[in-house]
Every structure is written in C-alpha cells, then in structure tokens.
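Position 5 (the sequence shown) corresponds to 5 in UniProt numbering; numbering is contiguous. Presented below is the structure to which this report refers.
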Amino acid sequence: MHDLLQDVKRIDYHKAYLAALLRAIRKGADVRGYMIWSLLDNFEWANGYEIRYGLYHVNRDTHERIPKLSVQWVKYWTTINEPNLFSDFEYMRGIYPPGHCSPPFGNCNTGNSDVEPLIALHNGISRSQFPEGFLFGTCTSSYQIEGAPLEDGKGLSNWDVFSHIPGNINNDENGDIADDHYHRYLEDIELMSSLGINVYRFSISWARILPRGIYGDINPSGVMFYNKIIDNLLLRGIEPFVTIHHHDYPGELEERYGAWLSPLIQRDFVHFAEVCFKSFGDRVKYWATINEPNLFADMGFIRGTYPPGHCSPPFGNCNTGNSDVEPLIAVHNMILSHAKAVELYRKHFQAKQGGIIGIVTHTFMYEPLRDEECDRQAVKRALAFVVAWSLDPLVFGDYPPEMHSILGSQLPRFSPEEKSLIKGSIDFIGINNYGTLYAKDCSLTACPLGTDRPIRGFVEATGTRDGIPIGDLTGNPRFFVVPRGLEKIVDYIKIRYHNMPMYITENGYSSPHKPNVTMDDLLQDFKRIDYHKAYLAALLRAIRKGADVRGYMIWSLMDNFEWTSGYGVRYGLYYVDRHTLERIPKRSVQWFSSFLNDTIHSNKQDLSEQYVRSKDVTTAGFKVV
Numbered sequence: 001m002h003d004l005l006q007d008v009k010r011i012d013y014h015k016a017y018l019a020a021l022l023r024a025i026r027k028g029a030d031v032r033g034y035m036i037w038s039l040l041d042n043f044e045w046a047n048g049y050e051i052r053y054g055l056y057h058v059n060r061d062t063h064e065r066i067p068k069l070s071v072q073w074v075k076y077w078t079t080i081n082e083p084n085l086f087s088d089f090e091y092m093r094g095i096y097p098p099g100h101c102s103p104p105f106g107n108c109n110t111g112n113s114d115v116e117p118l119i120a121l122h123n124g125i126s127r128s129q130f131p132e133g134f135l136f137g138t139c140t141s142s143y144q145i146e147g148a149p150l151e152d153g154k155g156l157s158n159w160d161v162f163s164h165i166p167g168n169i170n171n172d173e174n175g176d177i178a179d180d181h182y183h184r185y186l187e188d189i190e191l192m193s194s195l196g197i198n199v200y201r202f203s204i205s206w207a208r209i210l211p212r213g214i215y216g217d218i219n220p221s222g223v224m225f226y227n228k229i230i231d232n233l234l235l236r237g238i239e240p241f242v243t244i245h246h247h248d249y250p251g252e253l254e255e256r257y258g259a260w261l262s263p264l265i266q267r268d269f270v271h272f273a274e275v276c277f278k279s280f281g282d283r284v285k286y287w288a289t290i291n292e293p294n295l296f297a298d299m300g301f302i303r304g305t306y307p308p309g310h311c312s313p314p315f316g317n318c319n320t321g322n323s324d325v326e327p328l329i330a331v332h333n334m335i336l337s338h339a340k341a342v343e344l345y346r347k348h349f350q351a352k353q354g355g356i357i358g359i360v361t362h363t364f365m366y367e368p369l370r371d372e373e374c375d376r377q378a379v380k381r382a383l384a385f386v387v388a389w390s391l392d393p394l395v396f397g398d399y400p401p402e403m404h405s406i407l408g409s410q411l412p413r414f415s416p417e418e419k420s421l422i423k424g425s426i427d428f429i430g431i432n433n434y435g436t437l438y439a440k441d442c443s444l445t446a447c448p449l450g451t452d453r454p455i456r457g458f459v460e461a462t463g464t465r466d467g468i469p470i471g472d473l474t475g476n477p478r479f480f481v482v483p484r485g486l487e488k489i490v491d492y493i494k495i496r497y498h499n500m501p502m503y504i505t506e507n508g509y510s511s512p513h514k515p516n517v518t519m520d521d522l523l524q525d526f527k528r529i530d531y532h533k534a535y536l537a538a539l540l541r542a543i544r545k546g547a548d549v550r551g552y553m554i555w556s557l558m559d560n561f562e563w564t565s566g567y568g569v570r571y572g573l574y575y576v577d578r579h580t581l582e583r584i585p586k587r588s589v590q591w592f593s594s595f596l597n598d599t600i601h602s603n604k605q606d607l608s609e610q611y612v613r614s615k616d617v618t619t620a621g622f623k624v625v
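Structure below.
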C-alpha cells in the first residue's frame, strides 16, 4: 500500500509532460487545457483493476478513496501555483527525485541544501514577469519601529498612552524602544538597499512633527528626522511611499475633543498633511493619507482593543463606547479628513511636486461558508462592510448601497458639498491583504452574538468550515494562507472601482506560535518564502487578467511592535534581537534579494554571520548564477 500511495514517479511524469506541453505552447500551439487520467483507480478495460492511473487509490474491498501523494502535488500546483513545497522535498531534504541534499538536512550523494532550493524556487516566478516599472519594496510604520517616544521634542501619542495601561498589550509590552529606528535608520536603509527594493513605505509620526497637534508648534527635529530618511532613501534609488497617518496621533487630540469622534479632527489632520506636503513633498511622489480607516474603526471603536479602547456589549466590556455607532462616526471623519487633505494637495502642491495621493484600506476576501444563496449574498455584504465602506465614498461620493439598506439612518450622511468633495478624491487604492475568510449569513440563520448585528452586515466571518481551516494557520488567528484570496480581492476592486491604479501596500506572513521556538526556527523561514511566492503568483494572475496593480510591498522589513500582540508576532524579513536590537537576516532575505535582482545566491554562508552591528552593515558577497 505504501508503494501505491507514495507515487513519486506519477508526479515526475506529469511535471515532465507539463513542461513539454508548455514548450509547445510557447512555440505558438493553441492548447487550452490539460486533463489527468484519472481521478481515481478504475476498471481499465481488458486489464481490469490491476493497472492504476488514479490520483486516488480505491480499496477494492471497501471502495474507500485514499489520496496518493500526487493529490497533494496537484492541489498545490493547480490552486496556488506553488512549487516551493516540492523544491523543499527535491533539493533540500532529498525525499523526491532528483534526491539532492546536504547535511544537516540529509545524506544524499549530491546536492547543496542551502542553495539548490533557492534556485528551484527562483525558477518558479521572477521579477521580470511583472510589468516594467513595477514597485517592489517593504513597509513599516512609525510607532511600530521608531522608539524615542519623548526624544527631541516629540509629544505623547495615543499609542504611547494606551500601551502603558496594564493589560492592553501582550506581556505589557510597548513601543518605547521598538526597533530603535530613530537612532538606527541609516542601518535600516542600508538593509533596504542591499535587498534591492525600489520603494519603501513608512509613516510619519504625527506627534513627532506636531507634538500638540494644531495647538502647538512644528517640531523642527521631527521634520529633520524624516528629511534624513527621505534623502538617504533617494540616494540609494529607493522611492519613499509615505503614509501620513498610520494609527498614531497626538494624545492631546484625544484629551481635548475625542480625536476621530469629533469633526474638529478634520482641521487638525489637514494642518498635519499641509506640514508634510510643504516639508517633504518636493521629494515624495507617493502619498497615502490614512492607513486602514476601516480596521482602526473596528479595533478602536467596535472591539475596543486599539486606542481609544471604546466598545459596548456584546463586542466587549469597555468603560465607554457604543460599538454600533462610534465606528461609523470615526470613519466618516476619516473620509472627510482625507478628502480635505487631497483637495489641499491638488490645489496647491500636486502640479508642482508631481506626486499622487490615495488611501490604504484593510481587506479580506470572503467565500461562502455554505453552498447557499444566502451565504453568497453574505459575501457581498461582507465585502461592502469591510472594503467598500471606506472606498465607495472616495470613488462614488457615498457609502455602499449595501450599508445604506441595512444601517439606514444610523449611517452618517454627507451633505451635497461633501459628496462633491469626496467623490474622486483618490489617485490610487492601497490594498493591505493578509487573508481570506468564510462568510455566513446571519439574517436568516442563528449566529454568535455580535455577528448578528447591523454594524457587521448580519454576517459571521470565520476561518473554519466543519473544523477545517480555510488555509494554513499563521501567527494571527484571523489570517490564513489563502493566496487565491489576493487574486480575488484585486479582481473585486478592479471591477467595482473601474480598474483604478492599485498598490499592494501590505502583505506578509507570521508563523504560528510555537513553544520553545529556537533561533534556527526563526531564521529558516521557508514558510514565509512559500507565502510570498504563492501570493506573488496569485497577484501575477490578476495582473495578467488586466488589473492595474503597480506595486507590492512586504510587511515587514523587520520584526517590530505588532500592536496588541507586542513583539511575539513576527512578520519581518529581518529578525530583531530584543536585547541587542541587532538585525539578523532570515532566509527570506536571500530569497527576496534573489527575486528582486533576478539572480540567485549560490555560495553557502551561515545566516548567523550576517548580523548588522551598530552602524556597520555586513552584506554577503553573493555569486550570481
């Protein structure tokens, strides 16, 4: 039975024949499909049941369908176009032909487990397959990496206050030091340069530029800090992609008028944006006004897990808040703040400075939990209540019809003048995407408390069906590895918003929590490589279908303060030692650098030797194949 199920030769057969077919297609043959004989072992005419072509073995006594190894290969190959699993088996562990490996991974006759898997991976998808001028980079945000919360005139932000309240953050951690980027920014820019990226997305700390918001002066030291970052990026051929507001704002705005719950913040935000345009706009060509207004409203005003920590039952038990009303007010003020800042930019800066301006939205893709019409409708509502909530007003001038029909008078209204102001107020859409969920209708069927509310569109979003997750688990319980979801959400945005220019402004992987994790586990991050290759392949499919996507940015350059998760969840290409703050490259650094340069690193080098210490940056001398 073992021999029948471990059908490596069948996998080899189909890979070889598909490669031959592809050569014929590339020479112009109009071939439109490929079908494997057979789904399962069956009656093979005069040979009876002795000859077996199936992907599934059929037990002749019980008729049970038992998947062979080839089922796993077909699943990966057809659903996520992902060769990484098999390059691991073929060239690292030596389990599959050609059986290449080297110690400590195995004892094969030939092979190099440190190099050959990367070569095999590299042969799957390359930078050159993407459109000319496509931007590839990494991203961070100010509070998550900078540290120096009160240094050189910076004021306290909402996160400075919130993270110091016991119980708000995992292990009561905070961003007081974070990655100390404020003092190590030159090292970090050298890391970016050695990677070969051509864009870096980062955010401006509002409280570093305007410690008291509109109620105080501009902090020249804060302006100088970001000028140095921008200048050093450009010196190395890296475009700054600047987010004006990424979750953190001066704490004084919260104390004075409730920040995003008051229309007064619109004036404050426009003032902040104007300072940014005047100080940095001569060199910054890509502006995002606000990062994820939809997510911040959800976490800050529905769940109450982000500042200001507002919520109400059944969503949570906060000291104050109304989870059904406040998130709608907060997003309303963010939309108007965005539009007024864009109006200012277009009137006074854009023509001279030559930049573009947009917004970044948090996205999930959704699939129906059940094969029922009510769940297919739930998918549409989920997309409207998460994605279209912040995008429809900026493209069409009003909230989505799906929200109007459910929320009615609870939904804030735009005046005719405001509709005119917000409509068409983006040059591009920034897409942050980390996963896909199932959607279940809660208008006709019973659902858990909270999901059966208008603010959720009467939709339950879940990552499991019958106890089986929709994709591989990650370090965030809501994020699952579902590469097809990126292709689908890009398709959705392309269709709904008439193929407006798009940038994937965040996409990243954190490994599931593992007790007693070792340094080697953290640095040998093959699952992160697998993740990005699969998502890039999915994105490429969307682009080839006509989606106007112009960039892809990995979250994140380095492990950092991941909001309420503290430092326990790691998305970085570089590991950051929490004691020394050394930046230590993970295996994904080698892969991404190879991908970006359309080359492959071929000499063996212990990653632990590639530390960054103080201001001295060590990079490997890689041979190009």
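All residues carry an ideal CB built from backbone N, CA and C; glycine is no exception.
query = residue 196 to residue 575, Cα distance in whole Å?
reply = Position 196 of the sequence shown, counting from 1, holds the residue named residue 196. Position 575 of the sequence shown, counting from 1, holds the residue named residue 575. Their Cα atoms are separated by approximately 18 Å.
key: Nearest candidate by alpha-carbon position, reference residue 496, set 266, 113, 400, 371   = As a working mapping, residue 496 is identified with position 496 in the sequence shown. When only C-alpha atoms are compared, the closest one is 400.
ask   = Applying the criterion that 16 or more other CB atoms from any shown protein chain within 10 Å of the CB defines a buried residue, is residue 410 buried or exposed?
value = Taking the sequence shown and counting its residues from 1, the one referred to as residue 410 is at position 410. With fewer than 16 other beta carbons inside 10 angstroms of its own, residue 410 counts as exposed.
message = Whole angstroms are fine: how far does the CA of residue 50 sit from the CA of residue 44?
response = For the purposes of this step, residue 44 is taken as the residue at position 44 of the sequence shown. For the purposes of this step, residue 50 is taken as the residue at position 50 of the sequence shown. Approximately 8 Å between the Cα atoms of the pair.
query = Residues bridged to residue 242 by DSSP?
reply = Translated into the one-based positions of the sequence shown, residue 242 becomes position 242. Under the DSSP definition of a beta bridge, residue 242 partners with 202, 287.
Distance CB(residue 366)-CB(residue 383) smaller than 8 Å = On the sequence shown, position 366 is the one that residue 366 refers to. On the sequence shown, position 383 is the one that residue 383 refers to. Yes, they are a contact pair.
task = Measure the alpha-carbon distance for residue 476 versus residue 484 and round it to whole angstroms.
result = As a first step, residue 476 is located in the sequence shown; it is residue number 476 there, counting from the start. As a first step, residue 484 is located in the sequence shown; it is residue number 484 there, counting from the start. Annotation: residue 476 to residue 484 spans about 19 Å, alpha carbon to alpha carbon.
inquiry  = According to DSSP, residue 440 sits in a beta bridge with which residue or residues?
reply    = The residue labelled residue 440 in the question sits at position 440 within the sequence shown. Looking at the DSSP assignment, residue 440 forms a beta bridge with 460.
query = Using DSSP with H/G/I as helix, E/B as strand and the rest coil, what is residue 271?
reply = For the purposes of this step, residue 271 is identified with residue 271 of the sequence shown, where counting begins at 1. Residue 271: helix per DSSP, three-state reduction.
inquiry  = Can you find the residues in the same chain that come closer than 6 Å, C-beta to C-beta, to residue 273, ignoring five residues on each side of it along the sequence?
reply    = Here residue 273 corresponds to residue number 273 of the sequence shown, with the count starting at 1. So the list reads 244, 341, once near-sequence residues are dropped.
query = Can you name, in chain order, every residue of its own chain whose Cβ lies under 6 Å from the Cβ of residue 395, other than the five neighbours on each side?
reply = By 1-based counting over the sequence shown, the position of residue 395 is 395. So the qualifying residues of the chain are 497.
ask   = Is the segment 203-218 in contact with the segment 173-181, if contact means three or more CB pairs nearer than 8 Å?
value = With a cut-off of 8 Å, the segment 173-181 and the segment 203-218 do not count as touching, because too few Cβ pairs lie within range.
message = Among the candidates 550, 515, 335, whose CA atom is the shortest distance from the CA of residue 286?
response = In the sequence shown, residue 286 corresponds to position 286, counting from 1. If we check each option's Cα against that of residue 286, 550 comes out closest.
task = Express the C-alpha separation of residue 230 and residue 323 in angstroms, rounding to a whole number.
result = On the sequence shown, residue 323 is found 323 positions in, with the first residue counted as 1. On the sequence shown, residue 230 is found 230 positions in, with the first residue counted as 1. Straight-line measurement puts the Cα of residue 230 at about 39 Å from the Cα of residue 323.
key: residue 531 vs residue 481 beta-carbon contact at 8 Å   = Here the question's residue 531 lines up with position 531 in the sequence shown. Here the question's residue 481 lines up with position 481 in the sequence shown. Against a cut-off of 8 Å, the Cβ pair of residue 481 and residue 531 comes out as a contact.
task = Have a look at residue 626 and residue 519 and give me their C-alpha separation to the nearest angstrom.
result = In the structure as shown, the chain starts at 1 and stops at 625, and residue 626 therefore has no counterpart that could be examined.
inquiry  = If you reduce the DSSP assignment to three classes, tell me which class residue 263 lands in.
reply    = Counting from one through the sequence shown, the residue named residue 263 turns up at place 263. The answer is coil: DSSP assigns residue 263 none of H, G, I, E or B.
query = Mapping DSSP to helix, strand and coil, what is residue 476?
reply = Counting from 1 along the sequence shown, the entry for residue 476 is found at position 476. Three-state DSSP puts residue 476 in coil, outside helix and strand.
task = Would you tell me roughly how many angstroms separate the C-alpha atoms of residue 565 and residue 508, rounded to the nearest one?
result = For this step, residue 565 is matched to residue 565 along the sequence shown. For this step, residue 508 is matched to residue 508 along the sequence shown. A direct Cα-Cα distance of roughly 15 Å separates residue 565 from residue 508.
ask   = According to DSSP, is residue 159 helix, strand or coil?
value = In the sequence shown, residue 159 corresponds to position 159, counting from 1. Reduced to three states, the DSSP call for residue 159 is helix.
key: Distance, residue 592 Cα to residue 567 Cα   = For the purposes of this step, residue 567 is identified with residue 567 of the sequence shown, where counting begins at 1. For the purposes of this step, residue 592 is identified with residue 592 of the sequence shown, where counting begins at 1. Note on geometry: alpha-carbon atoms of residue 567 and residue 592 lie some 23 Å from one another.
query = residue 105 to residue 533, Cα distance in whole Å?
reply = Numbered from 1 along the sequence shown, position 105 holds the residue referred to as residue 105. Numbered from 1 along the sequence shown, position 533 holds the residue referred to as residue 533. If you take the alpha carbons of residue 105 and residue 533, they lie about 22 Å apart.
task = Specify the secondary structure class of residue 57 as computed by DSSP and reduced to three states.
result = The residue labelled residue 57 in the question sits at position 57 within the sequence shown. Note: residue 57 maps to strand in three-state DSSP.
task = Tell me residue 67's beta-bridge partners as DSSP assigns them.
result = As a first step, residue 67 must be located in the sequence shown, where it is residue number 67. Under DSSP, the beta-bridge partners assigned to residue 67 are 56.
request  = For residue 577, I'd like the list of residues in its chain whose CB is within less than 7 Å of its CB, leaving aside the five on either flank, ordered along the chain.
outcome  = In the sequence shown, residue 577 corresponds to position 577, counting from 1. Counting only Cβ-Cβ distances below 7 Å, and skipping sequence neighbours, we find 584.
key: Between the CA atoms of residue 34 and residue 601 - distance to the nearest angstrom   = In the sequence shown, residue 601 corresponds to position 601, counting from 1. In the sequence shown, residue 34 corresponds to position 34, counting from 1. With a pLDDT of 44 at residue 601, under the threshold of 50, the modelled position of that residue is not reliable, and no figure is offered here.
request  = Name the residue from 541, 302, 319, 589 whose alpha carbon lies nearest to the alpha carbon of residue 450.
outcome  = As a working mapping, residue 450 is identified with position 450 in the sequence shown. The residue with the shortest Cα to Cα distance from residue 450 is 302.
key: Run of the beta strand (DSSP E) containing residue 299, from where it starts to where it stops   = Position 299 of the sequence shown, counted from the start, is the residue given in the question as residue 299. Taken as a continuous stretch (DSSP letters only), residue 299 belongs to no beta strand (DSSP E), as it is neither H nor E.
query = Does DSSP classify residue 1 as helix, strand or coil?
reply = If you number the sequence shown from 1, residue 1 lands on position 1. DSSP places residue 1 outside both helix and strand once states are collapsed to three, so it counts as coil.
task = Leaving aside the five residues before and after residue 642 along the sequence, list all residues of the same chain whose C-beta is less than 7 Å from its C-beta, in chain order.
result = Look at the range of the chain in this structure, 1 to 625, and you will see that residue 642 is not part of it.
ask   = DSSP beta-bridge partners for residue 694?
value = Nothing about residue 694 can be read from this structure; the chain reaches only from 1 to 625.
key: DSSP state of residue 555 mapped onto helix, strand, coil   = Stepping through the sequence shown from its first residue, residue 555 is reached at position 555. Correct three-state label for residue 555: strand.
query = Taking all protein chains shown into account, do 16 or more other C-beta atoms lie within 10 angstroms of the C-beta of residue 27, making it buried, or fewer, making it exposed?
reply = Taking the sequence shown and counting its residues from 1, one reaches residue 27 at position 27. Classification of residue 27: exposed, given that the 10 Å Cβ count is below 16.
ask   = For residue 331, which residues of its own chain have a beta-carbon under 7 Å away from its beta-carbon, when the five flanking residues on both sides are left out?
value = Against the sequence shown, residue 331 aligns to sequence position 331. If we look at residue 331 and ignore the five residues flanking it on each side, its Cβ neighbours are 293, 294, 297, 389, 390.
ask   = What separation, rounded to the nearest whole angstrom, lies between the Cα atoms of residue 489 and residue 206?
value = Translated into the one-based positions of the sequence shown, residue 489 becomes position 489. Translated into the one-based positions of the sequence shown, residue 206 becomes position 206. C-alpha separation (whole angstroms): 31 Å.
query = Could you give the distance in angstroms between the alpha-carbon of residue 62 and the alpha-carbon of residue 4?
reply = Translated into the one-based positions of the sequence shown, residue 62 becomes position 62. Translated into the one-based positions of the sequence shown, residue 4 becomes position 4. Taking the straight line from one Cα to the other gives about 17 Å.
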